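S.K.:
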Amino acid sequence: MTARLIDGFDREITYVRLSVTDRCDFRCVYCMSEDMTFLPRQQILSLEEIYRVGRVLVELGVKKIRLTGGEPLIRQNILWLVEKLAALNGLQELTMTTNGSRLKTLAQPLKDAGLDRINISLDSLNATRFHEITRTGHLSDVLAGITAAQQAGFQRIKLNSVIMRHRNDDEILTLVNFARQQQLDLAFIEEMPLGNISEHQRIDTYISNEEIRQRIAQEYALLPATDNTGGPARYYRMTDSQSRIGFISPHSHNFCGSCNRVRVTVEGRLLLCLGNEHSADLRAPIRAHTDNDQPLIETIINALPLKPERHYFDLDETPQIVRFMNMTGG
Ligand code: SAM
Ligand code: SF4
Numbered sequence: 029m030t031a032r033l034i035d036g037f038d039r040e041i042t043y044v045r046l047s048v049t050d051r052c053d054f055r056c057v058y059c060m061s062e063d064m065t066f067l068p069r070q071q072i073l074s075l076e077e078i079y080r081v082g083r084v085l086v087e088l089g090v091k092k093i094r095l096t097g098g099e100p101l102i103r104q105n106i107l108w109l110v111e112k113l114a115a116l117n118g119l120q121e122l123t124m125t126t127n128g129s130r131l132k133t134l135a136q137p138l139k140d141a142g143l144d145r146i147n148i149s150l151d152s153l154n155a156t157r158f159h160e161i162t163r164t165g166h167l168s169d170v171l172a173g174i175t176a177a178q179q180a181g182f183q184r185i186k187l188n189s190v191i192m193r194h195r196n197d198d199e200i201l202t203l204v205n206f207a208r209q210q211q212l213d214l215a216f217i218e219e220m221p222l223g224n225i226s227e228h229q230r231i232d233t234y235i236s237n238e239e240i241r242q243r244i245a246q247e248y249a250l251l252p253a254t255d256n257t258g259g260p261a262r263y264y265r266m267t268d269s270q271s272r273i274g275f276i277s278p279h280s281h282n283f284c285g286s287c288n289r290v291r292v293t294v295e296g297r298l299l300l301c302l303g304n305e306h307s308a309d310l311r312a313p314i315r316a317h318t319d320n321d322q323p324l325i326e327t328i329i330n331a332l333p334l335k336p337e338r339h340y341f342d343l344d345e346t347p348q349i350v351r352f353m354n355m356t357g358g
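Numbered per the working numbering, the sequence shown spans residues 29 to 358.
Here you go:
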């Protein structure tokens, strides 16, 4: 197959985030409301259907797939999907973003199944606060998960932290020092206005990555790194450490110009942009044509012109994007 995925602004789509579930064992305050309603089973893609989407996208030139959610490791038989996707010809990298709660037992099986890299979310190293932010999570599980991922031989493990003013902004350097000790990369993600949350006003907790960078720079000189991971983060190095510090700044540094990504939700909705509602339904052609990929391919290709040039986030207004991050596939 020779078709490539080029959008209306000449950006080639080579990176897809596949959400494998909208469910989660945590209820992080910036991501979900306390009592969430999740999708009924018949509305979500089966693992075979998710694999089919991944296979077709790789045939169309996608080189990197990230599995996400919700929490990908609570999906039953996730190892089957990892193994199938990892074996696809043409896929250069299969990665996962996880909250780490189940990595203690799953890190080695994931490595054996062919997962290349792993990102683990960690917003606090204080057990009480960790529990407050995640509402249900336990720091000790995630720390054990990080150790298990290191022992399983994962390289370039990356931590993701969402920093909220007055909530965990006093832990910026603690997180950096932990990453340095453990030889992990660390990326700070600015909180995005996805979904209506109850616990705080996002405008009160917003802290720009530039401020975070300046606070770190008071302790460690940060030198811009030249390597590009193909994602939205801008990376810096420190002179005395292997760890890289990244900043994903959807508010303060718009990364749309080089956007090579699309997302597929667990309902089979192809989302062309994180910050916009433009989407196409892939589930209909998947289910209507179980033996013929052509209608699915056409739906994907016809959707590309919907990819907008850029996103706009406005913290002052009620969220323009009503879907939560767990539906979006972070
Ligand atoms: N459950 C997994 C996890 O937490 O890593 C994967 C899915 S989660 C939606 C992916 C990433 O999105 C996490 O690093 C999380 O911190 C981040 N995230 C969730 N809601 C967000 C928001 N409103 N703004 C910025 N990042 C968010
Ligand atoms: Fe779950 Fe990840 Fe959302 Fe936290 S950020 S509630 S771990 S999906």
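C-beta: ideal position from N, C-alpha, C; glycine also.
This one's a predicted model, so the numbers in the text were calculated from it and none came from an experiment.
Report yes if the CB atom of Thr49 is closer than 8 Å to the CB atom of Ile93, and no otherwise.
M.R.: Within the sequence shown, numbered from 1, the residue matching residue 49 stands at position 21. Within the sequence shown, numbered from 1, the residue matching residue 93 stands at position 65. Cβ atoms of Thr49 and Ile93: not closer than 8 Å.
S.K.: Throw me the rounded Cβ distance for the Leu187 and Leu150 pair, which I believe falls under 8 Å.
M.R.: Reading the sequence shown from its first residue, position 159 is the one you call residue 187. Reading the sequence shown from its first residue, position 122 is the one you call residue 150. Leu187 to Leu150, Cβ: 5 Å. Contact.
S.K.: Can you tell me whether Cys301 is helix, strand or coil according to DSSP?
M.R.: By one-based count along the sequence shown, residue 301 stands at place 273. In the structure shown, Cys301 sits in coil (DSSP, three-state: anything other than H, G, I, E or B).
S.K.: Does the Cβ-Cβ distance between Ile276 and Glu218 come in under 8 Å?
M.R.: Reading the sequence shown from its first residue, position 248 is the one you call residue 276. Reading the sequence shown from its first residue, position 190 is the one you call residue 218. Yes.
S.K.: Contact check, Glu160 vs Ile314 under 8 Å by CB: the rounded distance?
M.R.: The count along the sequence shown starts at 1 and reaches residue 160 at position 132. The count along the sequence shown starts at 1 and reaches residue 314 at position 286. So it is not a contact: roughly 40 Å between Cβ atoms.
S.K.: Tell me the residue span of the alpha helix (DSSP H) that contains Leu187.
M.R.: By one-based count along the sequence shown, residue 187 stands at place 159. Unbroken run through Leu187 is the beta strand (DSSP E), 186-190; no alpha helix (DSSP H).
S.K.: In three-state terms, what does DSSP make of Asp232?
M.R.: Here residue 232 refers to the residue found at position 204 when the sequence shown is read from its first residue. Helix.
S.K.: Under a three-way DSSP split, which group does Pro347 fall into?
M.R.: Taking the first residue of the sequence shown as position 1, residue 347 is located at position 319. At Pro347, the pLDDT of 49 sits below 50, so the modelled position is not reliable; the number obtained from the coordinates is stated separately. DSSP places Pro347 in coil when its eight states are reduced to three.
S.K.: Using CA atoms only, rank isn't needed, just tell me which of Lys132, Pro323, Thr125, Val204 is closest to Arg80.
M.R.: As a working mapping, residue 80 is identified with position 52 in the sequence shown. That would be Pro323, whose Cα lies nearest to the Cα of Arg80.
S.K.: Which residue from Thr162, Leu131, Cys56, Thr156 puts its Cα closest to that of Asn147?
M.R.: By one-based count along the sequence shown, residue 147 stands at place 119. That would be Leu131, whose Cα lies nearest to the Cα of Asn147.
S.K.: Using DSSP's beta-bridge definition, name the partner residues of Arg94.
M.R.: Position 66 of the sequence shown, counted from the first residue, corresponds to residue 94. BP columns for Arg94 point to Arg45, Thr123.
S.K.: Which of helix, strand or coil does DSSP assign to Pro278?
M.R.: Here residue 278 corresponds to residue number 250 of the sequence shown, with the count starting at 1. In the structure shown, Pro278 sits in coil (DSSP, three-state: anything other than H, G, I, E or B).
S.K.: In terms of residues, what are the limits of the alpha helix (DSSP H) holding Tyr264?
M.R.: By 1-based counting over the sequence shown, the position of residue 264 is 236. Here Tyr264 belongs to no alpha helix (DSSP H); instead the beta strand (DSSP E) covers 262-265.
S.K.: Around the C-beta of Leu251, are 16 or more other C-beta atoms found within 10 angstroms, so that it is buried, or is it exposed?
M.R.: Locating residue 251 in the sequence shown gives position 223, counting from the first residue. The residue in question, Leu251, is exposed, as its Cβ has fewer than 16 Cβ neighbours within 10 Å.
S.K.: With a threshold of 6 Å on Cβ separation, who are the neighbours of Thr162 within its own chain once the five nearest residues in sequence on each side are excluded?
M.R.: On the sequence shown, position 134 is the one that residue 162 refers to. Counting only Cβ-Cβ distances below 6 Å, and skipping sequence neighbours, we find Phe54, Cys56.
S.K.: For Leu4, which of Cys301, Leu46, Phe216 has the nearest alpha-carbon?
M.R.: Since the displayed the chain opens at 29 and closes at 358, residue 4 lies outside it and no answer follows.
S.K.: With a 10 Å radius around its C-beta and 16 neighbouring C-beta atoms as the bar for buried, classify Ala177 as buried or exposed.
M.R.: Counting from 1 along the sequence shown, the entry for residue 177 is found at position 149. Counting the other Cβ atoms within 10 Å of the Cβ of Ala177 gives 16 or more, which makes it buried.
S.K.: Drop a sphere of 10 angstroms on the beta-carbon of Pro68, count the other beta-carbons inside from all chains shown, and report buried for 16 or more, exposed for fewer.
M.R.: As a position in the sequence shown, residue 68 is number 40, starting the count at 1. Classification of Pro68: exposed, given that the 10 Å Cβ count is below 16.
S.K.: Please report how far the alpha carbon of Thr42 lies from the alpha carbon of Arg32, in whole angstroms.
M.R.: What you label residue 42 is simply residue 14 of the sequence shown in a count that begins at 1. What you label residue 32 is simply residue 4 of the sequence shown in a count that begins at 1. The alpha-carbon atoms of Thr42 and Arg32 are separated by roughly 9 Å.
S.K.: So the beta strand (DSSP E) Ala308 belongs to, where does it begin and stop?
M.R.: Indexing the sequence shown from 1 puts residue 308 at position 280. For Ala308, the enclosing beta strand (DSSP E) has its first and last residue at 307-309.
S.K.: Going by Cα to Cα distance, which pick from Ile72, Arg51, Gln71 is closest to Met64?
M.R.: For this step, residue 64 is matched to residue 36 along the sequence shown. Nearest C-alpha to Met64: Arg51.
S.K.: Are Ala215 and Gly274 touching if we call contact CB-CB under 8 Å?
M.R.: Residue 215 sits at position 187 when you count from the first residue of the sequence shown. Residue 274 sits at position 246 when you count from the first residue of the sequence shown. Yes, the Cβ-Cβ distance between Ala215 and Gly274 is below 8 Å.
S.K.: Got a sec: does the ligand SAM put a non-hydrogen atom nearer than 7 Å to the Cβ of Gly165?
M.R.: One-based indexing of the sequence shown puts residue 165 at position 137. Of the heavy atoms belonging to the ligand SAM, none sits nearer than 7 Å to the Cβ of Gly165.
S.K.: Helix, strand or coil for Arg289? Go by DSSP, reduced to three states.
M.R.: Within the sequence shown, residue 289 is the residue found at index 261, counting from 1. Three-state DSSP puts Arg289 in a strand.
S.K.: Roughly how many whole angstroms lie between the Cα atoms of Met60 and Ile225?
M.R.: The residue given as residue 60 occupies position 32 in the sequence shown. The residue given as residue 225 occupies position 197 in the sequence shown. Each residue's alpha carbon lies about 6 Å from the other.
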